[in-house]
Amino acid sequence: MGEFVVVPLDASRMRARPGADDRPLSEMEADAPITLHLARELGFDRFALIESDAEGGQAATVYHGRLRAMPVRQGPGAINEALERIGVRPEGGRDAFDTLGLGSVVQAGIGASG
């Protein structure tokens, strides 16, 4: 598996930044120009925005630079599709989400708002 970086985003804190362009680009909370700016500043050319909730809801989209490469998709499989589009290859009988260990991130509440 290649190198991947997980950056939990707290959208409420990002919106609190003076001058932040937080207008929504979709129904996903983190899908905003400020997020695209942050990704560029961190040197991410290709990245996925993913959301999941306690009830099992999923949403995901993929960007290449500032261009959306995968429309926002909601429902089962959305996150795995996005992760695979950025190069995550499932290993050991696990899906892309579990290959990256994101289940433990969700269980720890990292990146959860509220």
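To convert a position in the sequence shown, counted from 1, into the working numbering, add 9.
Cβ coordinates follow ideal geometry from the N, Cα and C atoms, glycine included.
(message) If we define contact as Cβ-Cβ less than 8 Å, is Glu-93 a contact residue for chain D?
(response) Here there is only one protein chain, and chain D is not present.
(request) For Gly-123, I'd like the list of residues in its chain whose CB is within less than 6 Å of its CB, leaving aside the five on either flank, ordered along the chain. (result) In this prediction, Gly-123 scores a pLDDT of 45, lower than 50, which makes its location untrustworthy; the coordinate-derived value is nonetheless stated afterwards. Closer than 6 Å at the Cβ level, and outside the excluded window around Gly-123, lies no residue.
(request) Assuming Arg-32 contacts Ala-41 (C-beta within less than 8 Å), just tell me the rounded distance between them. (result) 6 Å
(request) Could you tell me the boundaries of the alpha helix (DSSP H) in which Leu-92 lies? (result) 87-94
(request) Indicate the three-state DSSP secondary structure (helix, strand or coil) for Ala-48 in the structure shown. (result) helix
(message) Taking DSSP's pairing of strands, which residues face Glu-129 in a bridge?
(response) No statement about residue 129 is possible, as the shown extent of the chain runs from 10 to 123 and does not include it.
(message) According to DSSP, simplified to helix, strand and coil, what is Leu-58?
(response) strand
(message) Here's the rule I'm using: 16 or more other beta-carbon atoms within 10 Å means buried, otherwise exposed. How should Gly-110 be labelled?
(response) exposed
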